[in-house]
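Q:
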Amino acid sequence: MALPKLSPRGRETSIWLLYALGFIPGLWGFYQGATGQIAGDPVRVFEHLLGLWALRFLCLGLAVTPLRDLAGVNLIAWRRALGLLAFWYVLAHFTVYLTLDRGLQFGTILADIAKRPYITLGMAGLLMLVPLAITSNRWSIRRLGSRWNKLHKLVYPILIVSVLHYALSLKSITAEPVFYIVTATVLLGYRLVRTPLMARRRNRRNQTA
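Per the working numbering, the very first residue in the sequence shown carries number 379; after that it's consecutive.
What follows is the structure in C-alpha cells.
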C-alpha cells in the first residue's frame, strides 16, 4: 500500500502535526490531574500514563521497518519524530517520579534505583535513550557515519528494559503487559530474521524478472 507522496514542505508539516498530536495524551493527563479529574492517586496514574505512552511510541518507531518491508507502507520520514516522542515521554515520566512522586528526596530515589529492579531497568532505559535523542538530527548522521546506525541499535535493549520496567511495575501480569511483551517480542524477533527474509524476497523477484 503506497502512501500519497508529499512535497518536502508537506512532509515537514506532517511531522510537526505528529508532534502536536503526540503530546496531546500527556497534556490531557496533566490537565485531568491538575483539575482533580483523576480518581485514586493522581500522581501515580499520571506517571503511569506518561510511561505507557513512551512505550507505545517506542513500539511504533520500531514498527516502521517491518511495515515498510512486509506491507510496503513507508513511514520512515516519521520514525525520528516517534523516537523523540518516546524520549520526551520517558523524560516526563522520570520527572514526575523525581518531583511529584518522590519530592526530590534523592536518598529515597537512589535507594529505589538500587533496590527495586523495575526502577533500575527504567533508569537504564532513560540513560540509553539520551544519546539517541541527542544524535537524532542530520548533522549527527553525517558526522557519525556508519557509527550512527550502530549507536541507534541501542533502541533494541531499550525496548527490552522498557517492557520489563512496565511489566514489573504493575506487580501482576494482566492482558495489557502481555500485549506489550508480545509486541516487543515480535518487533525484536523480526530483526533476527529480517536479513535472510529480505534476501529470499530479492531472489524471488530476480527469478520472476
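All residues carry an ideal CB built from backbone N, CA and C; glycine is no exception.
(1) Please name the residue in 579, 500, 386 and 466 whose C-alpha comes closest to that of residue 535.
(2) Helix, strand or coil: how does DSSP classify residue 515 here?
(3) Specify the secondary structure class of residue 407 as computed by DSSP and reduced to three states.
(4) From the DSSP output, in three-state form, read off residue 388 for me.
(5) When you compare the CB positions of residue 552 and residue 437, do they come within less than 8 Å of one another, or not?
(6) Which class does residue 415 belong to by DSSP, given the choice of helix, strand or coil?
(7) Is there a Cβ from chain D that is less than 8 Å from the Cβ of residue 455?
(8) Please state if the CB of residue 458 and the CB of residue 514 are separated by a distance shorter than 8 Å.
(9) Is it buried or exposed for residue 448, if we count other Cβ within 10 angstroms and need 16 for buried?
(10) If the criterion is Cβ atoms closer than 8 Å, does the pair residue 425 and residue 474 meet it?
(11) Starting from residue 490, follow the alpha helix (DSSP H) in both directions and report where the run begins and ends.
(12) Ends of the alpha helix (DSSP H) at residue 538?
(13) Output needed for residue 460: all residues of its chain with C-beta closer than 6 Å, excluding positions within five of it in sequence on either side, in chain order.
(14) Compare the beta carbon distance of residue 392 and residue 405 with 8 Å and say whether it is the shorter of the two.
(15) Does the structure place the stretch 527-544 close enough to the stretch 572-579 that three or more beta carbon pairs sit under 8 Å?
(16) Taking the Cβ atom as the reference point for each residue, do residue 479 and residue 421 lie within a distance shorter than 8 Å?
(17) Between the C-alpha atoms of residue 572 and residue 456, what's the straight-line distance to the nearest angstrom?
A: Taking the coordinates as given:
(1) On the sequence shown, residue 535 is found 157 positions in, with the first residue counted as 1. Ranking 579, 500, 386 and 466 by Cα distance to residue 535 puts 500 first.
(2) The sequence position of residue 515 within the sequence shown is 137, counting from 1. Here residue 515 sits in coil by DSSP.
(3) Sequence index remark: in the sequence shown, residue 407 carries index 29 (1-based). Here residue 407 sits in helix by DSSP.
(4) Walking along the sequence shown from the start, residue 388 turns up at place 10. The answer is helix: DSSP assigns residue 388 an H, G or I state.
(5) Reading the sequence shown from its first residue, position 174 is the one you call residue 552. Reading the sequence shown from its first residue, position 59 is the one you call residue 437. No.
(6) Along the sequence shown, read from residue 1 onward, the residue named residue 415 stands at position 37. Of the three classes helix, strand and coil, the one that applies to residue 415 here is coil, per DSSP.
(7) The structure shown contains no chain D; it is built from a single protein chain.
(8) For the purposes of this step, residue 514 is taken as the residue at position 136 of the sequence shown. For the purposes of this step, residue 458 is taken as the residue at position 80 of the sequence shown. In contact: residue 514 and residue 458 (Cβ atoms closer than 8 Å).
(9) On the sequence shown, residue 448 is found 70 positions in, with the first residue counted as 1. Counting Cβ neighbours within 10 Å, residue 448 comes out exposed, since fewer than 16 surround it.
(10) Indexing the sequence shown from 1 puts residue 425 at position 47. Indexing the sequence shown from 1 puts residue 474 at position 96. Cβ atoms of residue 425 and residue 474: closer than 8 Å.
(11) Here residue 490 is taken as the residue at index 112 of the sequence shown, counted from 1. 484-493 is the extent of the alpha helix (DSSP H) around residue 490.
(12) Counted from its first residue, the sequence shown places residue 538 at position 160. 533-548 is the extent of the alpha helix (DSSP H) around residue 538.
(13) One-based indexing of the sequence shown puts residue 460 at position 82. Hits under 6 Å: 435, 438 and 439.
(14) Here residue 392 refers to the residue found at position 14 when the sequence shown is read from its first residue. Here residue 405 refers to the residue found at position 27 when the sequence shown is read from its first residue. No, these two residues do not count as a Cβ contact at 8 Å.
(15) The stretch 572-579 vs the stretch 527-544: no contact.
(16) In the sequence shown, residue 479 corresponds to position 101, counting from 1. In the sequence shown, residue 421 corresponds to position 43, counting from 1. Between residue 479 and residue 421, the C-beta gap is smaller than 8 Å, which places the two residues in contact.
(17) Position 194 of the sequence shown, counting from 1, holds the residue named residue 572. Position 78 of the sequence shown, counting from 1, holds the residue named residue 456. Taking the straight line from one Cα to the other gives about 21 Å.
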